[in-house]
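Following: one structure in structure tokens, then a few remarks.
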Amino acid sequence: MVERKTLFLIVSALIVKGFLALITPRSFDFINIAYMGSFEAFKLPALTPYFFTALLMNLFFRFWLLIPISHPSVRSFLRYDFFAGTFESFIYMAIMKLPMLIFDGLTGLIIYKIVKFNASRNEALTAAWLWFFNPYLTVAIEMDGTIDVVSVFFAIFSLYFFIKEKFWLSGVLLAVGTIARFWPLALIPFHLIIFIN
522 MVERKTLFLI
532 VSALIVKGFL
542 ALITPRSFDF
552 INIAYMGSFE
562 AFKLPALTPY
572 FFTALLMNLF
582 FRFWLLIPIS
592 HPSVRSFLRY
602 DFFAGTFESF
612 IYMAIMKLPM
622 LIFDGLTGLI
632 IYKIVKFNAS
642 RNEALTAAWL
652 WFFNPYLTVA
662 IEMDGTIDVV
672 SVFFAIFSLY
682 FFIKEKFWLS
692 GVLLAVGTIA
702 RFWPLALIPF
712 HLIIFIN
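To convert, count from 1 in the sequence shown and add 521; that's the working numbering.
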């Protein structure tokens with residue numbers, strides 16, 4: 522069970538990050554993945570590096586469509602040179618940046634669990650604090666809207682099960698992280714060494 526102090530840390534950090542995500546709508550990365558998620562700008566062929574991202578963001582786009590508000594075309598308020606600060610556009614922004622917040626929070630929680638597995642609770646809290654309040658990560662994930670935090674989460678979650686010697690589950694999570702982005706492939710040799718031994 523997560524301690525109150527840890528939970529307070531996570532919630533506080535995510536509130537700050539959520540606010541910063543809302544007031545930074547015009548980043549190049551976020552606009553690209555928002556268009557991908559709406560399937561308005563272009564159709565993505567399967568088996569590209571961005572296919573997983575487009576499908577994930579489309580889930581949140583469809584959630585936005587379910588909210589009982591008007592739904593103007595994404596092109597009408599999400600452009601590189603302009604952001605219409607309407608109620609609908611801010612709701613859209615909050616929902617479309619929600620996956621970054623969710624996976625950021627889950628990654629920090631897994632980091633806490635990994636450090637706590639090998640160190641004291643205070644050291645684990647320090648590690649979680651460093652993750653959540655690292656200004657670079659906040660700029661990259663919530664403000665810039667970089668979706669790479671999804672593959673980071675799966676890679677670190679894979680590491681968690683690797684440490685607990687649940688290698689099969691670790692390998693499955695690493696495969697999912699690799700589908701999200703290709704860079705977790707670099708961790709596969711470690712799994713192969715363990716399986717061979």
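Here a beta-carbon is modelled for each residue, glycine too, at the ideal position from N, C-alpha and C.
Judged by their CB atoms, Met-617 and Gly-558 are nearer to each other than the 8 Å cut-off. In the DSSP assignment, Tyr-571 falls outside any alpha helix (DSSP H), carrying neither H nor E. Residue range 619-639 is occupied by the alpha helix (DSSP H) that includes Gly-626.
With a 10 Å radius around the Cβ and a threshold of 16 neighbouring Cβ atoms, Ser-691 comes out buried. Contact between Ile-635 and Trp-652 fails: their C-beta atoms lie close to 11 Å from each other, not under 8 Å. Between Ala-649 and Ile-700, the alpha-carbon positions lie close to 26 Å from each other. Residue range 688-701 is occupied by the alpha helix (DSSP H) that includes Thr-699. In this structure, the alpha-carbon of Phe-654 lies about 7 Å from that of Ala-534.
The residues Phe-581, in chain order, have a CB closer than 7 Å to that of Leu-619 in the same chain once the five nearest residues on each side in sequence are set aside.
Only residues of its own chain outside the window of five on either side were considered, and among them Thr-628, Ile-631, Ile-632, Ile-635 have a CB closer than 8 Å to the CB of Ile-677, listed in chain order. Around Glu-663, the same chain offers Lys-538, Gly-539, Leu-541, Ala-542, Thr-545, Lys-618, Met-621, Leu-622, Asp-625 as residues with beta carbons nearer than 8 Å, after the five sequence neighbours per side are excluded.
The beta-carbon separation of Phe-682 and Leu-694, rounded to 7 Å, stays under the 8 Å limit for a contact. When rounded, the separation of the alpha-carbon atoms in Phe-572 and Met-578 is 10 Å. With a beta-carbon spacing of about 11 Å, Glu-609 and Pro-589 fall beyond the 8 Å limit used to define contacts.
When the alpha-carbon of Ser-672 is set against those of Tyr-657, Leu-708, Asp-665, the nearest one is in Leu-708.
Per DSSP, reduced to three states, the secondary structure at Ser-591 is coil, with no helix or strand assignment. Closest in alpha carbon position to Asp-669, among Phe-638, Val-697, Ser-597, is Val-697. Rounded to the nearest whole angstrom, the CA to CA distance from Ala-575 to Phe-688 is 29 Å.
Restricting attention to Glu-686, Met-614, Leu-658, Ala-661, the CA atom closest to the CA of Tyr-556 is found in Met-614.
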